[in-house]
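Residue 268 is where the sequence shown starts when you use our numbering, and the numbers rise one by one after that. C-beta: ideal position from N, C-alpha, C; glycine also. Working notes, beginning with the structure itself.
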Amino acid sequence: MSESSRSAPVGVVLAVDPDRFAEVVEALRRAGLTVTGEQPVLGTLSGTVAADRIPALEAVDGVESVDRERTVRLPPPDSPLQ
């Protein structure tokens, strides 16, 4: 796949089996995930991946959910939108 045909990277948050955390994270990396944060005890991690690779992440054994990161933008304190 050429670089121009790849989908843009998106942020994702994943819930995985905490008992197999290291194994699942390694499989996710092979599936295209760039890990940006890990919480092994909770079985969660965050990262970035090409949007078209999300189904490959969902197919990894031990993955419970894959959700796109959400960004909340608050108005500045002096904004009339309060």
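Query, Result
"Unbroken alpha helix (DSSP H) run spanning residue 290, endpoints", "288-297"
"Reference residue 294; option with closest CA among 326, 343 and 345", "326"
"Proximity test, Cβ basis, 9 Å: residue 276 and chain B", "Looking at the structure shown, chain B is missing, and only one protein chain is on hand."
"DSSP three-state assignment for residue 325, whether helix, strand or coil", "helix"
"Residue span of the beta strand (DSSP E) that contains residue 304, given as start and end", "301-306"
"Separation of residue 345 from residue 334, as counted between CA atoms", "33 Å"
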